[in-house]
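Visitor: Each residue of the sequence shown is one higher than the one before, counting from 806 in the working numbering. Mind having a look at this structure? Questions to follow.
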Amino acid sequence: MIKPSASPRDPSIRPLPAQPAAAVAARSDAQFGTPEAELVLQRHRMQALMRAGKAIHAVHGSDELLQLVIELAVHATGAERGFIMISDPLGGTHGGTADVRLRPRAWSDPEFAASRTILERALREGEPIQATIDGATSVLCAPLRGKDEVVGAIYVDAAIGNDASPPLDAQLLSAIADQAAAAIVNARLYEDLSRSFRDLSAMKAHNDELLESIASGVLVFDSQNVITQFNHAAEITFGLSASTVVGRGARILNTWLPGFTALLEQHRADASTPLQVEIPGNHFVRGPFILQVTFFRVRGTVTRSGSTAAVINDLTETRALEAENQAQLAKSARIAHSFERYLAPHVVDSLMKDPDSVALGGTRQVATMLFADIRGFTQLSELLLPEQVVELLNRYLAPVVNVIFANGGLLDKFYGDGVMAVFGAPKPGEDDALRAAQAATQILEQVRLLNAAAGVVWPLSVSIGLATGDVVAGHIGSERRLEYTVIGDAVNMASRLQAMAEPNQILADARTYESIEDSLYATSHFSRVRGKAGLTRVYVVHG
């Protein structure tokens, strides 16, 4: 058992106002049943409870309230010191403490183990306890009982002297504890409400600040379509101040965005998913504009009767830039298409992507060359007017070029009434020779169709030469004038075979035939080719 750690003469004790002598005497006499003393004691209790109730209910802060309650309890009961503790509403060890005439943190010392046991029992059982410790200390402990639980306990004690000191007033302590418990519950409620109000105020301020900082316009409508919020971005978009529209109906916005309220009602009819639309409108100063409006139900509200928000993004500049970009792309495409009529398509593509990418030079590769020429065109042109010659050439060259492109060939150049095409440049393929041979047979077919057309006076015949071999493909010329072409023995061979071919005949060299023999029928013979020693085997491609 422990002895009290302090006495009325201990210098660490804080003095309290002295109790009325009559009350002390009455409590002493009441021990022995004196009627007069009993009346004085009851009067003292009544006055003490009135003072305690008035003081307790005037305080709202928990810490201040606990200190006031323990001081009132010590003074009213005639104790020398006291300690009060309330439980933590969140389940912690304790929610607050206060004491009278105790050293700092003395309650945790080992010498107060018995006192702590008494207080813990009162907390656990919810009943007042009156006891003595080691025959030297008189103890009272009263629980603080709330509506459904014990919220804390008050502990007071006093040294038992040799002068037959009156006992501590247990009834008065219990009455004060009941008053204090109600006040503590109310104080907690007050603090919870205050905290909630502060949190809500802070949240509202944060939301308002966030709303104003959003780059998009934000409008909020209540269930009656009345505008309740109109942020700064919305003010800029519409050229209106929030003060002029908040509190007014959404119909006012139809002036700027025709059909706005109809869309708002459409969303309200099915608010489970957002509704996003682009609305053309008219600004009094800026003129026509395009706004993207997204309607959505504000969370926590009922679909039909809750609030609706509209987030507005001004797409006027974006759509104008997109239209300008599309126009520029279309213009570039027209330019590219025009250039492709003069240059190889891959050259045009490189120029469009990087104007500096085209440079002098070439690469060595294998390709198949095709030369096609109108037989007897020189004599024919002498019989025709220049305009008729041009018309005849264009009528012939148009289907020839289409055939070359359809088979993946590259039109290198026109030379008079002839055509030079390459298959395999700039990107070689395994079937370059076959595609060139197929193009040659299709050119002959196109010429036959042209000759069979009604009104043709001058039928044409074409000779074609094919040759495969190593060539150098690239940009040839000067820095001021470039031309994409191919140079090599295969070019010369194809040109010479074309010159040797009979009208409407296709001649190919051996290397070309080796690549097409499984697909096309051909016959061969030996001929003398200009620039070649001896006889050269050439192949007549029949299709």
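Think of the CB as a built atom: it goes at the ideal place given N, C-alpha and C, for glycine as much as any other residue. Note that this is a predicted model, so its numbers are computed, not measured.
1. Taking all protein chains shown into account, do 16 or more other C-beta atoms lie within 10 angstroms of the C-beta of G1348, making it buried, or fewer, making it exposed?
2. In terms of DSSP beta bridges, what is D1057 paired with?
3. Tell me the residue span of the alpha helix (DSSP H) that contains Q1029.
4. Would you tell me roughly how many angstroms separate the C-alpha atoms of V887 and H1037, rounded to the nearest one?
5. Provide the residue(s) that pair with Q1303 in DSSP beta bridges, ordered along the chain.
6. What is the DSSP secondary structure of V1107, reduced to helix, strand or coil?
7. Give the single residue among I1140, I1179 and A947 whose Cα lies nearest to the Cα of G1308.
8. At 3 residues or longer, and completely inside the region 908-959: list those beta strand (DSSP E) runs for me, N to C.
9. How long is the line joining the alpha carbons of Q1170 and S1329, rounded to whole angstroms?
10. For H1269, tell me which candidate among F1026, L907 and Q1247 has the shortest Cα-Cα distance.
11. Given a cut-off of 7 Å on the beta-carbon distance, is the pair D962 and T942 in contact?
12. For R856, count the other beta carbons within 10 Å of its own beta carbon; 16 or more makes it buried, fewer makes it exposed. Which is it?
13. Give the DSSP-derived three-state secondary structure of D1314 in the structure shown.
14. Please work out which residues of its chain come closer than 8 Å, Cβ to Cβ, to Q1310, disregarding the five sequence neighbours upstream and downstream, and give them in chain order.
15. Using DSSP bridges, identify the partner residues of Y1220.
16. From which residue to which residue does the alpha helix (DSSP H) around H1037 run?
17. With distances taken Cα to Cα, identify the nearest neighbour of Q1303 among F1176, E1250, A1211 and V1276.
18. Alpha carbon to alpha carbon, how far is Q935 from G957? Give it in angstroms, no decimals.
19. Check P1093 in the structure and name its three-state DSSP category.
20. Taking the beta strand (DSSP E) that V1276 falls in, what are its first and last residues?
21. Straight-line CA distance for A1258 to P1264?
22. Quick check on P948: buried or exposed, where buried means 16 or more other Cβ atoms within 10 Å of its Cβ?
23. Going by beta-carbon coordinates alone, are T1317 and L1249 separated by less than 7 Å?
24. What span of residues does the alpha helix (DSSP H) with P1085 cover, start to end?
25. Determine, using beta-carbon pairs with one atom in the region 1093-1101 and one in the region 1116-1131, whether at least three such pairs fall under 8 Å.
26. Quick test of the definition: if touching needs 3 or more C-beta pairs under 8 Å, does the region 867-881 touch the region 979-986?
27. Give a yes or no on whether the C-beta atoms belonging to L945 and L973 are separated by under 7 Å.
28. Name the one or two DSSP bridge partners that A1258 has.
29. Does the separation of the CB atoms of I1032 and R1053 fall below 7 Å?
30. Applying the criterion that 16 or more other CB atoms from any shown protein chain within 10 Å of the CB defines a buried residue, is G1339 buried or exposed?
31. For my contact list, L1068 and L1080 are in at a C-beta cut-off of 8 Å; report their separation, rounded to the angstrom.
32. Give me the Cα-Cα distance between L1134 and A1125, rounded to the nearest whole angstrom.
33. Report the three-state DSSP secondary structure of D1178 (helix, strand or coil).
34. Assign Q1243 to one of two classes, buried (16 or more other C-beta atoms within 10 Å of its C-beta) or exposed (fewer than that).
35. Can you have a look at A1301 and say buried or exposed, based on whether 16 or more other CB atoms are within 10 angstroms of its CB?
Guide: The structure says:
1. exposed
2. Here residue 1057 is Ile; the residue named in the question, Asp, does not match the sequence. Paired residues: none, contrary to the question.
3. Run containing Q1029: none; DSSP gives neither H nor E here.
4. Here the sequence assigns Gly to residue 887, which means Val is not the residue at that position. Computed Cα separation, rounded: 59 Å.
5. Paired residue(s): none; Q1303 is not in a bridge.
6. Because the pLDDT at V1107 is just 44, under 50, the model does not fix this residue reliably, and the point stays unresolved.
7. Per the sequence presented here, residue 1308 reads as Pro, with Gly not at that position. Per the Cα distances, I1179.
8. 934-938 and 942-950
9. 27 Å
10. Here residue 1269 is Ile; the residue named in the question, His, does not match the sequence. Closest option to I1269, Cα to Cα, is Q1247.
11. Closer than 7 Å, so yes.
12. Flag for R856 reads exposed.
13. coil
14. S1268, I1269 and V1345
15. G1223
16. H1037 to F1043
17. F1176
18. About 17 Å.
19. strand
20. Taken as a continuous stretch (DSSP letters only), the beta strand (DSSP E) holding V1276 covers V1267 to G1282.
21. 10 Å
22. buried
23. no
24. Where P1085 is concerned, there is no enclosing alpha helix (DSSP H), although the beta strand (DSSP E) it sits in stretches over L1080 to H1088.
25. yes
26. yes
27. Against a cut-off of 7 Å, the Cβ pair of L973 and L945 comes out as a contact.
28. In the DSSP output, where bridge partners are listed per residue, A1258 has none listed.
29. In contact: I1032 and R1053 (Cβ atoms closer than 7 Å).
30. exposed
31. L1080 and L1068 do touch by the CB rule: their CB atoms are close to 7 Å apart, below 8 Å.
32. 14 Å
33. strand
34. Under a 10 Å Cβ-count criterion, Q1243 is classified as buried, with 16 or more other Cβ atoms of the shown protein chains found around its own Cβ.
35. The identity of residue 1301 in the sequence shown is Arg, whereas the question assumes Ala. It is buried - the Cβ of R1301 has at least 16 other Cβ atoms within 10 Å.
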